[in-house]
Each structure stands twice: as structure tokens, then as C-alpha cells.
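Colleague: Going down the list, the protein sequences come from chains A and B.
With positions in the first sequence counted from 1, the corresponding number in the working numbering is that position plus 20.
With positions in the second sequence counted from 1, the corresponding number in the working numbering is that position plus 20.
By construction, the Cβ of each residue, glycine as well, lies at the ideal position given by its N, Cα and C atoms.
Number of protein chains: 2
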Amino acid sequence: MSDNTNPEVNGADMNGAESLVRTLIAGGVDVCFTNPGTSEMHFVAALDKVPGMRCVLGLFEGVVTGAADGYYRMLGKPASTLLHLAPGLANGLANLHNAKKADSGVVNIVGEHATYHIQYDAPLTADIEGTAAPMSHWVKTSPTSQTIAADGALAIEAATQTPGQIATLILPADTAWGPADAVVEATAPPALPKASDAAVKAAAEMLRTSETATLLMGGGALRHRSLELAGKIAAKTGCGILTEGANARLERGAGRVQVERIPYVVELALDVMKKAGNLVLVASREPVAFFAYPDKPSLLVDPDSTSTQLVKTEEDIEAALEALAVELDCLDLEPAGVAQPYRPPLPTGEITKEAIAAVLGAMLPEGAIVVDESVTTGREFFPVTAGAPPHDWINNRGGSIGYGLPVAVGAAIACPDRKVIALEGDGSCMYTVQSLWTMARENLDVTVMVFANGTYNILRGELTNVGVQNPGPRAVDMLSIDRPNLDWVALSKGMGVDAVRVTDAEELVNAFDAGLHSDGPYLIEVAM
Amino acid sequence: MSDNTNPEVNGADMNGAESLVRTLIAGGVDVCFTNPGTSEMHFVAALDKVPGMRCVLGLFEGVVTGAADGYYRMLGKPASTLLHLAPGLANGLANLHNAKKADSGVVNIVGEHATYHIQYDAPLTADIEGTAAPMSHWVKTSPTSQTIAADGALAIEAATQTPGQIATLILPADTAWGPADAVVEATAPPALPKASDAAVKAAAEMLRTSETATLLMGGGALRHRSLELAGKIAAKTGCGILTEGANARLERGAGRVQVERIPYVVELALDVMKKAGNLVLVASREPVAFFAYPDKPSLLVDPDSTSTQLVKTEEDIEAALEALAVELDCLDLEPAGVAQPYRPPLPTGEITKEAIAAVLGAMLPEGAIVVDESVTTGREFFPVTAGAPPHDWINNRGGSIGYGLPVAVGAAIACPDRKVIALEGDGSCMYTVQSLWTMARENLDVTVMVFANGTYNILRGELTNVGVQNPGPRAVDMLSIDRPNLDWVALSKGMGVDAVRVTDAEELVNAFDAGLHSDGPYLIEVAM
Chain A
21 MSDNTNPEVN GADMNGAESL VRTLIAGGVD VCFTNPGTSE MHFVAALDKV PGMRCVLGLF
81 EGVVTGAADG YYRMLGKPAS TLLHLAPGLA NGLANLHNAK KADSGVVNIV GEHATYHIQY
141 DAPLTADIEG TAAPMSHWVK TSPTSQTIAA DGALAIEAAT QTPGQIATLI LPADTAWGPA
201 DAVVEATAPP ALPKASDAAV KAAAEMLRTS ETATLLMGGG ALRHRSLELA GKIAAKTGCG
261 ILTEGANARL ERGAGRVQVE RIPYVVELAL DVMKKAGNLV LVASREPVAF FAYPDKPSLL
321 VDPDSTSTQL VKTEEDIEAA LEALAVELDC LDLEPAGVAQ PYRPPLPTGE ITKEAIAAVL
381 GAMLPEGAIV VDESVTTGRE FFPVTAGAPP HDWINNRGGS IGYGLPVAVG AAIACPDRKV
441 IALEGDGSCM YTVQSLWTMA RENLDVTVMV FANGTYNILR GELTNVGVQN PGPRAVDMLS
501 IDRPNLDWVA LSKGMGVDAV RVTDAEELVN AFDAGLHSDG PYLIEVAM
Chain B
21 MSDNTNPEVN GADMNGAESL VRTLIAGGVD VCFTNPGTSE MHFVAALDKV PGMRCVLGLF
81 EGVVTGAADG YYRMLGKPAS TLLHLAPGLA NGLANLHNAK KADSGVVNIV GEHATYHIQY
141 DAPLTADIEG TAAPMSHWVK TSPTSQTIAA DGALAIEAAT QTPGQIATLI LPADTAWGPA
201 DAVVEATAPP ALPKASDAAV KAAAEMLRTS ETATLLMGGG ALRHRSLELA GKIAAKTGCG
261 ILTEGANARL ERGAGRVQVE RIPYVVELAL DVMKKAGNLV LVASREPVAF FAYPDKPSLL
321 VDPDSTSTQL VKTEEDIEAA LEALAVELDC LDLEPAGVAQ PYRPPLPTGE ITKEAIAAVL
381 GAMLPEGAIV VDESVTTGRE FFPVTAGAPP HDWINNRGGS IGYGLPVAVG AAIACPDRKV
441 IALEGDGSCM YTVQSLWTMA RENLDVTVMV FANGTYNILR GELTNVGVQN PGPRAVDMLS
501 IDRPNLDWVA LSKGMGVDAV RVTDAEELVN AFDAGLHSDG PYLIEVAM
């Protein structure tokens, strides 16, 4: 960090909140997803004094934190959030959990009572640091208005590490309103360390000598160039290319090297892993089951296989893959597994999972950002969309449902020239349904499909998976959300987003076409 | 606690989840507000094996925890919640915060991965105990299926203390599915300790000798009999009767002793407290400001006054007031300050805050439960409703908005024969808007009024209060929620709750009448 002594911004008139806003902007954090309260009013007021911060209001904090996650996934740089004391932070925690598991960097600014007020245990007093800790890598309460800029720079530095981190800076009200005179520039993150030569040689050796071997690609490795390098290595060695079932962002589509995902269902995953053979871990770790089930393993590696780590998440992934390709003398080979352009025929008739997949495959526009929270409906969307024009596919890394719409908000703010397509289960969509209002307010270019099957369908399968063979009516009732049915068109229009309900494939095609040709948000209720 | 050795329920066929459900029911915890996931499937399955547990599904965890709060406020006994790992708990934390500040007892059951699965850091793995701690009094992870019943009994014992406590029991999946053979009966809470004679005598002495004195009544003292005793003491000594601005539940209306509330605005509060003189604290503490503001005090007591504690929240409040009345020889006096029956005339014309207050005062039915989250709109509702038939008035003790609709759900489950009236600001109503669906599903007798002023209006005042005199357009934009306007009728109908929008007082009267005559939920969007 370094103090900025520019006299134009460092005057007696500046308060702590303004020094923080200027520090954030100086550190490249120029978007703030907000849901403020009284303790944040000086921060809000500072926004009119300081140009350059885009503020996006959410009507619930889960929208705010999830949007910051989506923003990072697309741009690889953190946004800030503005949250109101411990309960406001608490409402944002689930999507911070998801962001943390996706290695997204976020700078949370959480207002706190004035330092001298905390002892009185006013209604909103609670342990903010304790609330932040489970979902944050870095937590600090800034003690004075003179320290807030430096602490803001530290928060930026934490969030901009590789992988990204959740940094939570707590801003007492008197820290915000007291005098400040500094703007502090965050130090840029250091260059990424390289994977060791030994790791590269070990990976090469495994690929050369294994009967069957697979590159297991983690989040940071799922970019076009890294996948291309993986394809060259596959062309040379015949290895497979795999990734986990859910990823922060996968670059895919026609012309890109395809990567198979490990299935969610344990039996299917074990089968895939048995065929995978020995594993070269590329910014990944040995895969684990989403949940434990009686008499099923937690670790999904085949007992006869071994693993070697080529490169860690905090290292330079692309350089490691290049080094491996050099070591294997395949840098100039054509990559194997490149997806050929392919558009499936448009479906007709009943709306099935296959029909929805075909609509996506046939119509996905180039550059689309698909935010996938389709849960059970979407498990077969991948193969038929592999040949669509290049696009990004985003999944939930943390497993807490309600991530999809907020991440779509953040992705749309990050990439205003790209079409965002949010695929939602009806159950998951309700958790952070307030996101629709922010989409309307900011006229975000998001088309939402809600798969309205009227159930927490995944849980019906999970009842069986955990050993409940014949669930009774009360258990089934707890998994059913069709009494009453949700009217997604009404909900969406109630928040200002135009919407339509479709009941056959032709209507779905027409509605998706309307969404793709809209400049703003559009919701399609897909009756299942 | 004591083991139940009834052979009918203690068989080899019982698993940990079933032993927990049976333990909860045996301990009087026979309502469960749920939002389950995979790790809770055995608990869900057990509901079909064990009769007697009413399960109420919410589509978001804040609905679930707030409903448990409302249930306790009405019945003084805990409900349970069923939540899905750390993120599910996190989504419920804000309303657990509100419940904690309201001294409500709640038994949270939080599913966790199987104990042996946690080490693999699966997507949903996070620190549940750490997440629970800031908003819980009692937290425990039960290690085995044989211990879960005993731990469940401990959780019930914690929640049923006076005042109520938030107990969070973490249930690993293998603890749920492993074998169990016990149901454990929770020990009933001990009799409440009495206030000391010295405390009673000191209070009497203060009331006899002070020029001006006031009984400051805390949450547990706001029941009919305690207020009647306070009225007798006032009749004898001329003291005032005050309470905090927000209370867990206040019994009021015609025939009950009136109690003035300390205003939210600091200047007004200081004025009231100056007039209050010396304070007798009745299950209360010296009042504090909701927020700190530059150059305003945090503690709202008059510097010339002194305080004495008659009775603490954990003691027998009614007995202490009786002892004080005996000491002052006024037990047989008619209480002062009894509200006389009064119905204001029905308003006509424009919808103003006064018109809404008049509608409430004129039409509140006997036994109504008013859940007040009207924020700025409702500050003047109190005087004109004081003479309505006896009813209960519920406020947010914790200050985290989004408490109102969930608490209304819980109150309606607790008191199916009473009309619940939820008064909501449009900003606050959005946080846990999913509550409407649960109202429809359970056909709860709740009439919701949403005051649609299109703004976080309270924050406009707070900008000024914290010293921001001329907020700029970007600050004002962060407090405005009218771009786009929320269509509450659409939102409500989208979740299965019939609704109407009213734009003048006559329409409001007709709509409120329709709500009062409905057996199920009904929403009125009040255009402001």
C-alpha cells in the first residue's frame, strides 16, 4: 500500500467514508452492490462526492453478495458490497459461501454502530466479526476514520489474491463520519508463482507411463487457452480431460476443447473415475461426493488410481500446462477433443428436459453467459450445447441454492454487451427472487428460464439415496412446492420484469427468441 | 433429562432422526418450521413414523426462523426449525437475531454432513457452529446417533429458559441415520426466582420519595396482569408507565392499562425521559438509542435521574409487581391509566398515516394480533388504537427488517382462532416476501397491509440525522425503490394470496373489511 498525498483529494473536508470510497476506486473496485441502512449513510452520501463508483441496489442482501460473485467470475476482479450490520451481512452469507467456494474475490463493507455505541447493546448490536468469519478469508474492524483507507487497501489486497478471497471490512459509524486525510493505494498482487519443474516432470511421467490417465481441470484451468493446451496433451498422450460437476466458469462451445464433467450421482461418478485412471491434478484436487450416503464412499477416486499435482490454484496454471506440453513435445499439435459447430434441430411438442436442452443448443447466441441453477432439470443440458457458438457456463460451487439470479445480475453488470441466460429451478429461484427487481431497475440483459416442476425434485431422489425407500405423505409434502403453485409470470411482472408462461416446445422457442431479442430482462416460466 | 424406556418407541428400528423427533415432541416442541435439504432427509422421513409434529414449509429460511419467533411470542414455548447446513442456517440468522433480541426460545435443528464426510470439504461444508454462535445462546453438534436424543433434550432445556434462548443443535447425517434406542425427556425449567425484598423496598422508596418517577416496563412485564399492577401503583404514587419503542408483545386495548412508548427519534426520546424522572426498572434496563448519531447521546436516561431495578427478566415479574403493590398498600386500588373503549370515525378521502391509524382504531377486531413492521408509516398508529378491543401488538426487537411477515406466520400457527394483521413497509416486506406462500399453503388467517411509498423512507430521515444535510442524487437513488415500482398485488397473487390495491380511504376500509372477513390470507397494497 502507499499513501496518496494528492492535495486535491486529501483535504480537511474528507471523512472516513469518503476516504474509503476513494481508496476502493483507486484500487480498481468501482462497482458497489448495496443494501444500506442508517450505519452506512455516510458511505452512501460519499457516493455523490466521489465520481466513478457504480452503485447497484438490491432489495435483499443475498442479491448483493451473489452479484459480487457473478461480477468476479466474469472479470476476475472484485466488486464491493455495502451491508447493514451483522443481520445484513447474515442475509448475504449464503451467497458469500458460494462465492468463497468459487474462489471469487469480494470486498464487503459492513456498517457497524459507532465504536462508543456498541457497549449499549442496541437492537442491531451483534458480533459482526463472528458472523463474517465462517464465510470470509479476511475480516477486520477499522478502529478510526484515519485508518479506514489503509484497511480498505488491505481488504482489496486480500480480495485480489489468486485465488480470490472474501474480505470483510467493518466500518463503525464514527469511523465513517470522522475526519480522514488519506487515500491509500492497494498494492497489486504479486506475479503468480510457477509450478515446480518436478511437478511438471512427474505429470509428464504419469501421462507417458499410465495405461489410462486423465487431466482433472479445476476452476482456473477452464479457460480457452488452458483447455487448448490440455487438448494438445490429450492428442499426444491419449489422456482424458475431466472437471468437477460444478465450476465457477467454463469457457466452452464450438472451437473449444470439450471437458467432461464428473456426474453428481455417486454411482455414475465412480464409473467415470474408474475409466479416468490415474489423475493429473490441474488446479484441482481429488473429487469428493457432494453429500455422504450410507455405504457409499466420500472420495470419488478409483482405489486403483494414483494422482499427481501439476499445478495448484494459487500458481500460474496456463504456464504449467505450457511447460507440460513442452515436456511432452506437443505444443504444436492440434488439440484433441475440439467441439465442432453443431446446432440440434428445434424441438416440437411436449416440453421435456431433452426439448429444453435442444432449444439451448439450437439458439444459444455467441458470447452467451449461462448461469445454471437448473438442478435436476438441467443435468443433460451439456452434451447438446457443446457445439453452440463459444459461450461461458457458470455453476454453483458452494451448493447453497439461490445463487443463480444474483450471479446473473453480477455477470450482466460485468459484461453489458453479452447475453446472460439464467436457468433456474422453481425451488432455487425463490430464495433470492428479489434479484428480478434489480434486473428491471438496471435493465440488465438477462433471460431467465424457470423450470416449474412444483417440487424440490432433487430431494425426492435424495430421500432414496440416503436409504428412505418409501417416503410417507408428510415427507413428500415437505418436498412439494405446488400447494399453491407459484405464478412466475405474476411474480416477475410484480418486480418489473416482462414474463411469459410456455407449455409446449414451440412456445418455448418463441419465448426464448423474444428473450434473446430483448435488451432487458425477460422471464420464461417453463411448465414442466 | 430422563431416559424414556417405553419399549414401544425404543426399538432397534429407530434411527437418530426418529429419536430426535420423538424427543422434541415429548418435550412439547410439536411444531417444526422447515426448509430441508439432503442432509435432513432422515429427519423428514421420521415425520411419517412419528405422529404429533406439525410441519410448516417455508421457501426461504428467514421465513422459517421468523415464524418460530412469532410462535414463541404468542405461546411462550419454542417451536423447532429444520435448516440445511451452514448456508441454510445463515439465511435464517437475521430473524434468529430478531428472535434473540425478543427473548424468544427456538430449537434449531441444522443438518450437517456425515461426520466422516466433513474432512473432504464438499461444496456445502462450512463451519456451522461458528455460523450459529453469534445468534445462538446454546450450540452443540451431536456426535453420534446414540447421543442425539439427549442433546435434543438439552436444546429444549436451553430454549425453555426464562427468558427464552436460541438453541442450535447440529445433526450430522450419520447421527440421523445411525441406530438409536432412547427418547429423552427434557427437564422442565425451574420455578422463576423471586425479586429480592431489598429490590422491592428500594423501588417502593423511590416511588414514595421521588418528585417524578416512572415504571419502565420490559418485555415480560407487558402482559395484562402486570400492567394492571403497574396501574395500581400509578394510582397510588402518581408515577408514569413507560416501555421501550419496540416490544416482543404488548397486551393492550380497551380495559387494559396503557403504556407509553419511548420514541425512536432521539430528541423526542430525551424529552420523554426528562419528564419520566427517576426510573423503576421492571424487567428492563436503561433505554438506549437505536443508532448513534454525531453529537447525540447513546444512553437515553436523563442525567438528573436515577434508576433502581425492581425485577430482572429472568425473575418472576408479576410476583415482584404484586409485592411492590403490597408494599405500597395499593393492591386493591383501581388501576390508573386504563384505556376506555374508543372507536375513531372511519376516514374518508386521501390515504394518510392518520387515515390508516383511524382504520385500524375503528376496525381492529377483538383478539387481533398486530405484527407491526410499518416503520415510518406507523409511528402514529398507537394513540388512536388504544381504545380498540383487547389485542396484542408485536414489534421488531432486533431491528433487522424482514421480521414482520414471518412472525405473522408463526403467530397465526400459534393462535389459529385469532386474526393476525401484519403492517409492512414496502422496503421491509421484500426481505422475506416468500412468507406469503406459506400463508397461502397453510391458509393462515393473516391480513397484510403493505404501505407502498416506494422508498426506504426511514433512511431519508437518517441521512439528515447522521449529518448529511443535502444528499445528492446518487445517495437518494440508493434509498428509492420506485424504479420500477413493486406491484404488490401481482407479487401476492403470484404466491397464492388474494390481494387488492387501494388508493383512497374508502377503498382501504372496504379492503380491510374484506380481509377481516376472510378466513385465509389477504394482502392490501396501500398506495401512499
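Do A303 (chain B) and T333 (chain B) count as a contact pair if the criterion is CB distance below 9 Å?
Modeller: Going by C-beta atoms, T333 (chain B) is nearer than 9 Å to A303 (chain B).
Colleague: Identify, in the order they occur along the chain, each residue of the same chain with its Cβ nearer than 8 Å to the Cβ of H560 (chain A), setting aside the five sequence neighbours on each side.
Modeller: Nothing about residue 560 (chain A) can be reported from this structure: the residues present for chain A run from 21 to 548 only.
Colleague: Going by the CB atoms, is the gap between I129 (chain A) and G554 (chain A) shorter than 9 Å?
Modeller: Absent from the model: residue 554 (chain A). The displayed extent of chain A is 21 to 548, so no value can be given.
Colleague: Output the boundary residues of the alpha helix (DSSP H) element that contains R503 (chain A).
Modeller: No alpha helix (DSSP H) contains R503 (chain A), which DSSP labels as neither H nor E.
Colleague: Spatial neighbours of D36 (chain A) within its chain, please: CB distance less than 6 Å, with the 5 preceding and 5 following residues excluded, ordered by chain position.
Modeller: In the sequence under discussion, the amino acid at residue 36 (chain A) is Gly, which differs from the Asp named in the question. Cβ within range, chain order: S165, I168, T195, A196, G198, A200.
Colleague: From B:E335, B:A222, B:P323, pick the residue whose C-alpha is nearest to that of P213 (chain B); which is it?
Modeller: B:E335
Colleague: Using the three-state DSSP reduction, which class does H244 (chain B) fall into: helix, strand or coil?
Modeller: Judged by DSSP in its simplified three-state form, H244 (chain B) adopts helix.
Colleague: Which same chain residues end up closer than 6 Å to A531 (chain A) when comparing Cβ atoms and leaving out the 5 residues on each side of it in sequence?
Modeller: V520, V522, I544
Colleague: What is the C-beta distance between V286 (chain B) and A309 (chain B), in whole angstroms, given that I count them as a contact (C-beta under 8 Å)?
Modeller: 5 Å
Colleague: If we count Cβ pairs, one from each stretch, closer than 8 Å, do we get three or more for the segment 387-395 of chain B versus the segment 415-422 of chain B?
Modeller: Segments in contact, yes.
Colleague: So, under 8 Å CB-CB, L20 (chain B) and P56 (chain B) are touching, yes? Tell me the CB distance rounded to an integer number of Å.
Modeller: Examination of residue 20 (chain B) is not possible in this model, given that chain B is present from 21 through 548 alone.
Colleague: Considering A223 (chain A), what are the terminal residues of the beta strand (DSSP E) in which it resides?
Modeller: Counting along the chain, A223 (chain A) falls outside any beta strand (DSSP E), though it belongs to the alpha helix (DSSP H) covering 217-229.
Colleague: Can you tell me whether R269 (chain B) is buried or exposed, with buried defined as 16 or more other CB within 10 angstroms of its CB?
Modeller: buried
Colleague: Which one or two residues does DSSP pair with L77 (chain B) in a beta bridge?
Modeller: B:T54
Colleague: Look at the Cβ atom of P385 (chain B), then the Cβ atom of P409 (chain B), and state whether they are nearer than 9 Å.
Modeller: yes
Colleague: Please list, in chain order, the chain B residues whose beta carbon lies closer than 7 Å to that of P154 (chain A).
Modeller: A106, A146, D147, G150, T151
Colleague: I need the DSSP call for T167 (chain B), collapsed to helix, strand or coil.
Modeller: coil
Colleague: Indicate the three-state DSSP secondary structure (helix, strand or coil) for P493 (chain B) in the structure shown.
Modeller: helix
Colleague: Classify A266 (chain A) as buried or exposed, calling it buried when 16 or more other Cβ atoms lie within 10 Å of its own Cβ.
Modeller: With a 10 Å radius around the Cβ and a threshold of 16 neighbouring Cβ atoms, A266 (chain A) comes out buried.
Colleague: Which residues in the same chain have their Cβ closer than 8 Å to the Cβ of M293 (chain A), if we skip the five residues on either side of it in sequence?
Modeller: Listed in chain order, the non-local C-beta contacts of M293 (chain A) below 8 Å within the same chain comprise I282, P307, L320, V321, D322, S325, local neighbours out to five positions each way being set aside.
Colleague: Where does N128 (chain A) sit, in a helix, a strand or coil, going by DSSP?
Modeller: strand
Colleague: Helix, strand or coil, according to DSSP, for E386 (chain A) in the structure here?
Modeller: coil
Colleague: Since F63 (chain A) and V84 (chain A) should fall inside the 8 Å C-beta cutoff, what is the C-beta to C-beta distance between them, to a whole number of angstroms?
Modeller: Contact flag wrong, Cβ pair sits at about 14 Å.
Colleague: Does the beta-carbon of P493 (chain A) have 16 or more other beta-carbons within 10 angstroms, so that it is buried, or is it exposed?
Modeller: Its Cβ having fewer than 16 others within 10 Å, P493 (chain A) is exposed.
Colleague: Give a yes or no on contact between the segment 424-433 of chain A and the segment 87-99 of chain A, applying the rule of three or more CB pairs nearer than 8 Å.
Modeller: yes
Colleague: If the cut is a Cβ gap below 9 Å, which residues of chain B does D507 (chain A) touch?
Modeller: A510, K513, G514, M515, G516
Colleague: My assumption, with CB atoms under 8 Å, is that D68 (chain A) sits in contact with P491 (chain B). Please give the rounded CB distance.
Modeller: 7 Å
Colleague: What three-state label does DSSP hand A431 (chain B) in the structure shown?
Modeller: Taken through DSSP and simplified to helix, strand or coil, A431 (chain B) comes out as helix.
Colleague: Distance check for L528 (chain A) and V51 (chain B), CA to CA, integer angstroms please.
Modeller: 42 Å
Colleague: Checking 9 Å against the spacing of the C-beta atoms, do E338 (chain A) and S246 (chain A) come in under that value?
Modeller: yes
Colleague: Nearest chain B C-beta to K121 (chain A) closer than 9 Å, yes or no?
Modeller: yes
Colleague: Between which residues of its own chain and A255 (chain B) is the CB-CB distance below 7 Å, once the five residues before and five after are set aside?
Modeller: C350, L353, E354, P355, A356
Colleague: What number of angstroms, rounded off, separates the C-alpha of D33 (chain B) from the C-alpha of I138 (chain A)?
Modeller: For the pair D33 (chain B) and I138 (chain A), the Cα-to-Cα distance works out to about 51 Å.
Colleague: What's the C-alpha gap between A510 (chain B) and N463 (chain A)?
Modeller: Taking the straight line joining both Cα atoms gives about 20 Å.
Colleague: Name, please, each residue of chain B whose Cβ falls closer than 8 Å to the Cβ of D68 (chain A).
Modeller: P491, G492, P493, R494, A495
Colleague: Between which two residues does the alpha helix (DSSP H) carrying F63 (chain A) extend?
Modeller: 61-66
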